[in-house]
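Asks: For the protein sequence lines, the chains are A and B, in the order given. With the working numbering, letter number 145 in the first sequence gets 145, and the count goes up by one each step, no holes. Convert by adding 1000 to the 1-based position in the second sequence; the result is the number in the working numbering.
2 protein chains.
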Amino acid sequence: MRSAELIELWRGGQRESLHCGDAVVCDTKGVVEAWGRPGTIVFPRSSCKMIQALPLVESGAADAAGLTDRHLALACASHNGARIHVDAVEGWLRALGMAEPDLRCGCHMPRDPDENRRLTCGDEGPSQLHNNCSGKHAGFLTLNRHLRGGAEYVDPGHSVQQAVKAAFEEVTGENSPGFGIDGCSAPNWSCSLAGLGRAMAAFADPPDDTRGRAMRRLVDAMRAHPELVAGEGPACTILMRATGGRVAAKTGAEAVFVAILPNQGLGVALKVTDGATRAAEAAITALLVHLGVLGESDPAVGRFLTDPLRNWRGIPTGEMRTAPGFPA
Amino acid sequence: MRSAELIELWRGGQRESLHCGDAVVCDTKGVVEAWGRPGTIVFPRSSCKMIQALPLVESGAADAAGLTDRHLALACASHNGARIHVDAVEGWLRALGMAEPDLRCGCHMPRDPDENRRLTCGDEGPSQLHNNCSGKHAGFLTLNRHLRGGAEYVDPGHSVQQAVKAAFEEVTGENSPGFGIDGCSAPNWSCSLAGLGRAMAAFADPPDDTRGRAMRRLVDAMRAHPELVAGEGPACTILMRATGGRVAAKTGAEAVFVAILPNQGLGVALKVTDGATRAAEAAITALLVHLGVLGESDPAVGRFLTDPLRNWRGIPTGEMRTAPGFPA
Chain A
1 MRSAELIELW
11 RGGQRESLHC
21 GDAVVCDTKG
31 VVEAWGRPGT
41 IVFPRSSCKM
51 IQALPLVESG
61 AADAAGLTDR
71 HLALACASHN
81 GARIHVDAVE
91 GWLRALGMAE
101 PDLRCGCHMP
111 RDPDENRRLT
121 CGDEGPSQLH
131 NNCSGKHAGF
141 LTLNRHLRGG
151 AEYVDPGHSV
161 QQAVKAAFEE
171 VTGENSPGFG
181 IDGCSAPNWS
191 CSLAGLGRAM
201 AAFADPPDDT
211 RGRAMRRLVD
221 AMRAHPELVA
231 GEGPACTILM
241 RATGGRVAAK
251 TGAEAVFVAI
261 LPNQGLGVAL
271 KVTDGATRAA
281 EAAITALLVH
291 LGVLGESDPA
301 VGRFLTDPLR
311 NWRGIPTGEM
321 RTAPGFPA
Chain B
1001 MRSAELIELW
1011 RGGQRESLHC
1021 GDAVVCDTKG
1031 VVEAWGRPGT
1041 IVFPRSSCKM
1051 IQALPLVESG
1061 AADAAGLTDR
1071 HLALACASHN
1081 GARIHVDAVE
1091 GWLRALGMAE
1101 PDLRCGCHMP
1111 RDPDENRRLT
1121 CGDEGPSQLH
1131 NNCSGKHAGF
1141 LTLNRHLRGG
1151 AEYVDPGHSV
1161 QQAVKAAFEE
1171 VTGENSPGFG
1181 IDGCSAPNWS
1191 CSLAGLGRAM
1201 AAFADPPDDT
1211 RGRAMRRLVD
1221 AMRAHPELVA
1231 GEGPACTILM
1241 RATGGRVAAK
1251 TGAEAVFVAI
1261 LPNQGLGVAL
1271 KVTDGATRAA
1281 EAAITALLVH
1291 LGVLGESDPA
1301 VGRFLTDPLR
1311 NWRGIPTGEM
1321 RTAPGFPA
């Protein structure tokens, strides 16, 4: 089986570029609709942060630390390092009696334009609080305090990461073939795309038990605080707002995108083979329209898929299109 | 026929992403080595700037305006908008009795870090001189003065663009299926990848006539001034320097890359299907090693292909690899 053609770029009436990939729509029983190879093995990267946050909630660590929905949204976030994120994670660490040096995510410049400009023009380097994963790592530190683990909480054998691995394998229903080290230094376990989709379906239609309540709480936190999950500008925030809270959406590096649709009890997972963000954003947008949770004429659909592509003088130069057969 | 697998990204011992595409090595008689589909139709985008500069030289316009090799390198450039480029194009226009508003390329922020920071922190917007194509447009304006054409020199029917089209079809040996509007507003004519490769071979092994002398002059200008063709940082400059002037290399948007090898009389052209720059840079690097003009242990090969990929803490997280069968 081959990957599917998903997203095309056209210029002057000719197809200039093409993105292939794989996508699934699942309910809790399995795949209900697929394009390409549901069995392809993927690293979910940041798209599985809500899975990585399950042990934080299930263990009681979140309640013991008095975490709110805002903290849980940040634990699931790939934020753009705006002040709202940096300040919130700093406050979270302070409440734990910890600080930025306790993080193990590393530093990178924030994508938020205002904060980026403040650092660039003030000759200040970014801190680990700016790392898009700093909320996930604050969650790891919260769980770690609860588990009384050692400081190197990103080691694959550390109790925090072993708890994450167990949750990951349980919700995907698979033994992971292995892990890679993520941009933020945490291990990232691989699974089939269908396994990732099934996990998202479980978040959409959770069981009535400790895990199910943790899933519901994390999904509700994401939907209530899209600005914390990504920030002003990124696709996750725009798509969650555009769907009026009917969807929790999360991107991951190398063009993974997942969506949780509680009203339909559906989970979506896709990976663009070449890792292109533009194609992952266009493809998840097309799937949300396909599944009826995003109107075709919504500005978000224009932004990520249907608006003409324009050059530096504003002249339309081409367009993105869904490939024939995707999604319908 | 299908595109070929060109470049892979691996993480944790698993293939995470894959870039497919097409590539050819040509001499003036045609394709001598190919991966994927030599007949695939591509927009060369900025990779064909040396073709777009042919009428400037052949017509006598360049000599009439007293252009030097530095000007010709800029005419073939996709520069990063550093002061060296901005100042040179500004001086070129001034010598023509023209100025920035005569350009039709539009404004975008420069990629050169110093100039980008200067504008960002000084609250100054970029000018059209910063546009990576400003040198090509200064060349168009120089030709236009010679041809006594109208001000809207980027119109597809304008005598400047018709001269470019004629040269493009002659050196590719094809009737172009059509044009798209490029990021800089100039028409960009499409051709087969083999046609683009043959054109590059002609630049590598030019005939002894007016066209051939123009080709030689443009290739020599590019090789003599790699810092003007791209700037400090971009792949074109690094690869031209690494090959010790044995290669003129030029990238184009949506992951086109060409190379001219005068010593071998060979031309190279490739297009990564998905438009990813990282893959185009890795693939052209692999081909230059394959063709013996770049040493396997050269730092440029590490930078664009073989160095481990590292995360924000400097930890190796994966690597790029050439796909089996590419290039050998």
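Here a beta-carbon is modelled for each residue, glycine too, at the ideal position from N, C-alpha and C.
(1) How is the beta strand (DSSP E) around LYS1136(B) delimited, first residue to last?
(2) For ILE260(A), write down the residues that DSSP places opposite it in a beta bridge.
(3) Examine chain A for any beta-carbon lying closer than 8 angstroms to the beta-carbon of LEU1103(B), and answer yes or no.
(4) Expressed to the nearest angstrom, what Euclidean distance is found between the alpha-carbon atoms of ALA77(A) and ARG70(A)?
(5) Counting contacts by CB-CB distance shorter than 8 angstroms, is GLY135(A) in contact with chain B?
(6) Can you pull the chain B residues whose beta carbon is under 7 angstroms from the beta carbon of ALA73(A), in chain order?
(7) Select from ASP114(A), LEU6(A) and GLY12(A) the residue whose C-alpha is nearest the C-alpha of VAL329(A).
(8) Near GLU1281(B), which residues of its chain fall below 6 angstroms by C-beta distance, leaving aside the five closest residues on each side in sequence?
(9) Going along the stretch 171-187 of chain A in order, which residues come within less than 9 angstroms of chain B, judged by CB to CB distance?
(10) Nearest by alpha-carbon distance to ALA194(A): which of THR306(A), VAL268(A), ASP209(A) and ASN263(A) is it?
(11) Less than 8 angstroms between C-beta atoms, sequence neighbours within five positions excluded: which residues of the same chain meet that for GLY1125(B)?
(12) When you compare the CB positions of CYS20(A) and PHE168(A), do they come within less than 8 angstroms of one another, or not?
(13) Measure from the alpha carbon of GLY1139(B) to the alpha carbon of each residue in TRP1092(B), ASP1182(B), ALA1034(B) and ARG1198(B), then state which is nearest.
(14) So, for ALA1062(B): in the same chain, excluding its five sequence neighbours on each side, which residues have a beta-carbon less than 6 angstroms away from its beta-carbon?
(15) Per DSSP, SER192(A) forms a beta bridge with which residues?
(16) Can you tell which of GLU1174(B), ASP1102(B), GLY1183(B) and ALA1034(B) has the C-alpha that lies nearest to the C-alpha of GLY1149(B)?
(17) Who are ASP27(A)'s beta bridge partners in DSSP?
(18) Just grab the DSSP bridge partners of HIS1019(B) for me.
(19) In the DSSP assignment, the alpha helix (DSSP H) including GLU319(A) goes from what residue to what residue?
(20) For GLN1052(B), tell me which candidate among GLU1319(B), LEU1218(B) and LYS1271(B) has the shortest Cα-Cα distance.
(21) What did DSSP end up calling TRP35(A) once you bin it into helix, strand or coil?
(22) Shorter than 8 angstroms from the beta carbon of HIS158(A) to some beta carbon of chain B?
(23) If I follow the unbroken beta strand (DSSP E) through GLY180(A), where does it start and stop?
(24) Does THR1276(B) come within less than 8 angstroms of chain A when only Cβ atoms are used?
(25) Run the CB neighbour count on MET1222(B), radius 10 Å, all protein chains shown included, and call it buried at 16 or more, exposed below.
(26) Is the Cβ-Cβ distance between GLN14(A) and SER1190(B) less than 8 angstroms?
(27) Please return the same chain residues whose Cβ sits closer than 7 angstroms to the Cβ of PRO1156(B), not counting the five positions on each side in sequence.
(28) Using Cβ-Cβ distances below 9 angstroms, what residues of the stretch 1304-1318 of chain B are close to chain A?
(29) What whole-angstrom Cβ distance do ALA255(A) and VAL272(A) have, given they're in contact under 8 angstroms?
(30) Alpha carbon to alpha carbon, how far is ALA253(A) from GLY351(A)? Give it in angstroms, no decimals.
(31) If contacts are defined as beta-carbon pairs under 8 angstroms, then THR251(A) and SER3(A) qualify, I think. What distance do you get, rounded to the angstrom?
(32) Starting from LEU54(A), follow the alpha helix (DSSP H) in both directions and report where the run begins and ends.
(33) What does HIS19(A) reach in chain B if we use C-beta pairs closer than 7 angstroms?
(34) What three-state label does DSSP hand ARG313(A) in the structure shown?
(35) Quick one: what's GLN1014(B) bridged to in DSSP?
(36) Can you list the residues of chain B that ARG11(A) reaches, using a CB-CB cut of under 7 angstroms?
Replies: According to the structure data:
(1) No beta strand (DSSP E) holds LYS1136(B); the alpha helix (DSSP H) holding it covers 1134-1147.
(2) ALA248(A) and GLY267(A)
(3) no
(4) 10 angstroms
(5) no
(6) Those do not exist, as ALA73(A) stays about 22 angstroms from chain B at its closest Cβ, beyond 7 angstroms.
(7) For residue 329(A) there is no data in the structure shown, the boundaries of chain A being 1 and 328.
(8) ALA1235 and PHE1304
(9) PRO177, GLY178, PHE179, GLY180, ILE181, ASP182, GLY183, CYS184, SER185 and PRO187
(10) VAL268(A)
(11) CYS1107 and LEU1119
(12) no
(13) TRP1092(B)
(14) LEU1056
(15) ILE41(A)
(16) ASP1102(B)
(17) GLY30(A)
(18) ILE1007(B)
(19) No alpha helix (DSSP H) holds GLU319(A); the beta strand (DSSP E) holding it covers 316-322.
(20) LEU1218(B)
(21) strand
(22) no
(23) 179-181
(24) Rather than Thr, the amino acid found at residue 1276(B) in this sequence is Ala. Yes, its Cβ sits closer than 8 angstroms to a Cβ of chain A.
(25) buried
(26) yes
(27) PHE1179 and PRO1187
(28) ASN1311, TRP1312, ARG1313, GLY1314, ILE1315, PRO1316, THR1317 and GLY1318
(29) 4 angstroms
(30) Outside the displayed range of chain A (1 to 328) lies residue 351(A), so it cannot be described from this structure.
(31) Wrong, their Cβ atoms sit about 19 angstroms apart, outside the cutoff.
(32) 54-58
(33) ASP1274
(34) coil
(35) ARG1011(B)
(36) PHE1043 and GLY1180
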